[in-house]
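Each number in this note's numbering comes from the position in the sequence shown (counting from 1) with 64 added on.
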Amino acid sequence: MPHSNLTPEPTDTRRQSFGMASVSEFLAQCPPPTNLPSNKWQDIPIRFLFDKDVAIVDPDTPIEEASALLIDNDLSSIPIRAAKGSDDIARVFDYSDLTAFLLLVLHIDDAKEATDAYRKLSQEVQNGTPITAYQVAELGKNKDPFMTVPATSTLGDLAEILATGIRRVAVVDENRKILSIASQRQLIRFLWTNVRAFPALEPLMSRTIHSLDIGSSDFICINGDKKVISAFRQMHETGIGSLAVVDSQYRLLGNISLVDVKYVTRSSSIYLLNRTCGHFLSVIKSEQGIRAGKDSAPAFNVYESSTFAFTMAKVVATQCHRLWLVQSPSCPPSPKSSNSHLMPGSNAGLKVNQLLGMISLTDMIYVILAQTKGTLPQPTARIGRRGSTSSGRSHSKVSMDSSYRR
65 MPHSNLTPEP
75 TDTRRQSFGM
85 ASVSEFLAQC
95 PPPTNLPSNK
105 WQDIPIRFLF
115 DKDVAIVDPD
125 TPIEEASALL
135 IDNDLSSIPI
145 RAAKGSDDIA
155 RVFDYSDLTA
165 FLLLVLHIDD
175 AKEATDAYRK
185 LSQEVQNGTP
195 ITAYQVAELG
205 KNKDPFMTVP
215 ATSTLGDLAE
225 ILATGIRRVA
235 VVDENRKILS
245 IASQRQLIRF
255 LWTNVRAFPA
265 LEPLMSRTIH
275 SLDIGSSDFI
285 CINGDKKVIS
295 AFRQMHETGI
305 GSLAVVDSQY
315 RLLGNISLVD
325 VKYVTRSSSI
335 YLLNRTCGHF
345 LSVIKSEQGI
355 RAGKDSAPAF
365 NVYESSTFAF
375 TMAKVVATQC
385 HRLWLVQSPS
395 CPPSPKSSNS
405 HLMPGSNAGL
415 KVNQLLGMIS
425 LTDMIYVILA
435 QTKGTLPQPT
445 ARIGRRGSTS
455 SGRSHSKVSM
465 DSSYRR
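This is the structure we're talking about:
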């Protein structure tokens with residue numbers, strides 16, 4: 065495999081050392097919110113998560129219109145009505161479907177796994193037949209089932225569902241009309257923003273990732289020299305939401321997720337699919353910098369020594385669904401997470417910023433729920449929880465891009 069000249073994700077020891085003292089100082093400086101009905105987060109009504117109107121489309125909505133709605137409004141998914149004017153939801157369109165459709169249009173799919181419906185849709189695309197979001201909404205793999213919760217639910221009720229790996233649910237009124245979509249990311253953002261209002265969570269904030277024993281070494285990564293189209297195909301085929309991009313030494317370069325397909329949906333940017341993942345990361349950085357008005361790029365890494373508060377803050381800041389656990393420049397790896405199998409045949413030890421594992425929103429919500437119930441998660445309790453690993457499997461091994469398999 066060729067050596068990569070890409071630069072690993074920057075490590076900032078000072079910022080990553082958001083330890084117990086600084087956590088206490090930070091919390092002390094933040095006045096607790098006064099508009100919440102309870103100081104127990106689990107009793108807060110779910111309506112406190114409502115932050116935007118729900119976008120729902122009819123079954124005959126063109127795929128182009130649904131895609132623009134998804135991307136332009138920064139939505140994670142769009143429910144599709146069973147019929148025009150109906151409150152019943154038939155399917156949900158999201159980025160996994162958009163990615164699958166892109167691969168279909170480019171004829172990059174696995175013919176062995178293609179269903180009759182998939183082949184029919186592919187033929188319609190070739191014939192220039194207009195395609196609807198309803199037709200495409202079954203292409204994505206490993207999608208969450210469409211779930212609803214009543215508007216009378218609490219955040220505790222919601223957390224019980226999201227801690228199983230379900231990423232989002234629809235909140236409905238007594239007539240089954242959708243009022244909002246409540247997601248893992250919204251729950252974490254709300255809890256972090258209002259953490260001072262919930263005294264029971266404060267002791268958790270200073271705990272380290274190592275002491276909580278969370279995360280998984282079951283993940284999939286791709287080399288920065290591989291083409292972007294390979295990353296999207298791999299995510300589609302495995303049903304995962306994101307890939308760690310690494311160099312030849314397994315050091316973290318960045319992150320590519322299904323949401324990043326939005327950068328290649330324009331005809332002027334389709335060429336990026338044949339560029340390397342490393343180049344694609346620089347394009348994403350530039351795009352995000354333009355939107356933010358400054359040269360910036362999110363760092364998706366945390367250390368075993370990172371506090372839970374720092375981890376929550378980083379998830380909220382990066383708006384991602386998972387963070388990558390990497391080797392700290394200042395601390396040796398703990399025995400439990402020493403993943404020497406990441407570099408077969410090597411006795412040189414772990415490198416700074418080398419990939420160790422992954423921490424998902426599911427892991428974080430599970431820990432918060434366990435803290436509230438008076439128990440901390442044990443490694444065996446996490447096995448088999450969908451969403452606690454990027455692949456959704458229960459085994460603990462590192463899945464690699466083909467260039468890494470020995």
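Don't be surprised by glycine CBs; every beta carbon is placed ideally from N, CA and C.
Within the region 252-294, ranges of the alpha helix (DSSP H) (whole runs, at least 4 residues): 266-269 and 273-276
Can you tell me the Cα-Cα spacing of ARG161 and LYS326, whole angstroms? On the sequence shown, position 97 is the one that residue 161 refers to. On the sequence shown, position 262 is the one that residue 326 refers to. It is Asp, not Arg, that sits at residue 161 in the sequence shown. Each residue's alpha carbon lies about 12 Å from the other.
Buried or exposed: VAL431, going by 16 or more other Cβ atoms within 10 Å of its Cβ? Locating residue 431 in the sequence shown gives position 367, where the first residue counts as 1. Result: buried.
Closest to LEU134 by C-alpha separation, out of HIS343, ASP151, THR163 and PRO109, would be which residue? Reading the sequence shown from its first residue, position 70 is the one you call residue 134. It is THR163.
Length of the line joining the Cα atoms of HIS343 and SER331: Locating residue 343 in the sequence shown gives position 279, where the first residue counts as 1. Locating residue 331 in the sequence shown gives position 267, where the first residue counts as 1. If you take the alpha carbons of HIS343 and SER331, they lie about 18 Å apart.
Would you check if the distance between the CB atom of ILE172 and the CB atom of ILE127 is smaller than 8 Å? As a first step, residue 172 is located in the sequence shown; it is residue number 108 there, counting from the start. As a first step, residue 127 is located in the sequence shown; it is residue number 63 there, counting from the start. Not closer than 8 Å, so no.
Would LEU290 be called buried (16 or more neighbouring beta carbons within 10 Å of its own) or exposed? As a position in the sequence shown, residue 290 is number 226, starting the count at 1. Checking the sequence shown, residue 290 turns out to be Lys, not Leu. Answer is buried; the Cβ neighbour count reaches 16.
Between which two residues does the alpha helix (DSSP H) containing ALA246 stretch? The residue given as residue 246 occupies position 182 in the sequence shown. Premise fails: ALA246 lies in the beta strand (DSSP E), 242-247, not in any alpha helix (DSSP H).
Would MET269 be called buried (16 or more neighbouring beta carbons within 10 Å of its own) or exposed? Working through the sequence shown from its first residue, we reach residue 269 at position 205. Buried, because 16 or more other Cβ atoms sit within 10 Å of the Cβ of MET269.
Taking the straight line between their C-alpha atoms, what separation do you get for ALA130 and GLN391? In the sequence shown, the residue the question calls residue 130 occupies position 66. In the sequence shown, the residue the question calls residue 391 occupies position 327. Cα to Cα, the separation comes out at about 41 Å.
Given a threshold of 16 other Cβ atoms within 10 Å of its Cβ, counted over all protein chains shown, does ASP136 qualify as buried or as exposed? On the sequence shown, residue 136 is found 72 positions in, with the first residue counted as 1. It counts as exposed.
So, ASP152 versus ALA146, is the Cβ gap smaller than 8 Å? To locate residue 152, count along the sequence shown from 1; it is residue 88. To locate residue 146, count along the sequence shown from 1; it is residue 82. Going by C-beta atoms, ASP152 is nearer than 8 Å to ALA146.
Looking at the ligand NAD, does it come within less than 7 Å of ILE142, judged from the CB to the closest heavy atom? Summarising the ligand content, the structure contains no ligands, and the ligand NAD is consequently not present.
Kindly indicate which three-state DSSP category ASP161 falls into: helix, strand or coil? By one-based count along the sequence shown, residue 161 stands at place 97. Here ASP161 sits in helix by DSSP.
Return the first residue and the last residue of the alpha helix (DSSP H) that LEU222 is part of. Counted from its first residue, the sequence shown places residue 222 at position 158. Segment 219-226, the alpha helix (DSSP H) holding LEU222.
By the DSSP assignment, the alpha helix (DSSP H) with SER186 in it spans what residues? Translated into positions along the sequence shown, residue 186 becomes position 122. From DSSP, the alpha helix (DSSP H) with SER186 extends over 180-190.
Can you say whether LEU255 is buried or exposed, counting buried as having 16 or more other CB atoms within 10 angstroms of its CB? The count along the sequence shown starts at 1 and reaches residue 255 at position 191. Its Cβ being crowded by 16 or more others within 10 Å, LEU255 is buried.
Put ALA373 into one of helix, strand or coil per three-state DSSP. Position 309 of the sequence shown holds residue 373. DSSP places ALA373 in helix when its eight states are reduced to three.
At the level of alpha carbons, what is the spacing between SER321 and ARG232? One-based indexing of the sequence shown puts residue 321 at position 257. One-based indexing of the sequence shown puts residue 232 at position 168. Distance between the alpha carbons of SER321 and ARG232 is about 17 Å.
Reference ALA132, options SER275, LYS241 and VAL323, closest by Cα: In the sequence shown, counting from the first residue as 1, residue 132 sits at position 68. Checking every option, the nearest Cα to that of ALA132 belongs to VAL323.
Could you have a look at ILE108 and say whether DSSP puts it in helix, strand or coil? The residue labelled residue 108 in the question sits at position 44 within the sequence shown. It is coil, neither helix nor strand.
Helix, strand or coil: which one does DSSP assign to THR426? The residue you call residue 426 lines up with position 362 of the sequence shown. Note: THR426 maps to helix in three-state DSSP.
List the endpoints of the continuous beta strand (DSSP E) containing SER306. For this step, residue 306 is matched to residue 242 along the sequence shown. Segment 306-310, the beta strand (DSSP E) holding SER306.
Going by DSSP, what residues sit across from GLY318 in a beta bridge? Residue 318 sits at position 254 when you count from the first residue of the sequence shown. DSSP, once it has assigned bridges, lists VAL309 as partnering GLY318.
I need the DSSP call for SER141, collapsed to helix, strand or coil. The count along the sequence shown starts at 1 and reaches residue 141 at position 77. Here SER141 sits in strand by DSSP.
For ILE153, the three-state DSSP class (helix, strand or coil): By 1-based counting over the sequence shown, the position of residue 153 is 89. Strand.
Going by the beta-carbon positions, is the gap between PRO393 and THR218 smaller than 8 Å? Position 329 of the sequence shown, counted from the start, is the residue given in the question as residue 393. Position 154 of the sequence shown, counted from the start, is the residue given in the question as residue 218. The answer is no: Cβ separation not under 8 Å.
Looking at C-alpha atoms only, which residue of GLU224, ASN319 and TRP388 is the closest neighbour of PHE296? As a first step, residue 296 must be located in the sequence shown, where it is residue number 232. Out of GLU224, ASN319 and TRP388, ASN319 has the C-alpha closest to the C-alpha of PHE296.
Quick one: what's ARG386 bridged to in DSSP? The residue labelled residue 386 in the question sits at position 322 within the sequence shown. SER424.
Is LEU170 helix, strand or coil by DSSP? Mapped onto the sequence shown, residue 170 falls at position 106. Reduced to three states, the DSSP call for LEU170 is coil.
Report the rounded CA-to-CA distance for VAL259 versus MET376, giving the unit in angstroms. Within the sequence shown, residue 259 is the residue found at index 195, counting from 1. Within the sequence shown, residue 376 is the residue found at index 312, counting from 1. For VAL259 and MET376, the distance between alpha carbons rounds to 10 Å.
Find the nearest neighbour of ASN206 within the set ALA197, HIS300 and ASN287, judged by alpha-carbon distance. Numbered from its first residue, the sequence shown carries residue 206 at position 142. Ranking ALA197, HIS300 and ASN287 by Cα distance to ASN206 puts HIS300 first.
Just list the residues that DSSP pairs ARG232 with in beta bridges. In the sequence shown, counting from the first residue as 1, residue 232 sits at position 168. Paired residue(s): SER247.
Using the C-alpha atoms, what's the distance from GLN313 back to ASP117? For the purposes of this step, residue 117 is identified with residue 53 of the sequence shown, where counting begins at 1. For the purposes of this step, residue 313 is identified with residue 249 of the sequence shown, where counting begins at 1. Approximately 45 Å, taken between the alpha carbons.
Using C-beta distances below 7 Å, list every residue in its chain close to SER247, excluding the 5 sequence neighbours before and after it, in chain order. Counted from its first residue, the sequence shown places residue 247 at position 183. Counting only Cβ-Cβ distances below 7 Å, and skipping sequence neighbours, we find SER140, ARG231 and ARG232.
Outcome for THR426 when other beta-carbon atoms lying within 10 angstroms are tallied against a minimum of 16: Stepping through the sequence shown from its first residue, residue 426 is reached at position 362. Classification for THR426: buried.
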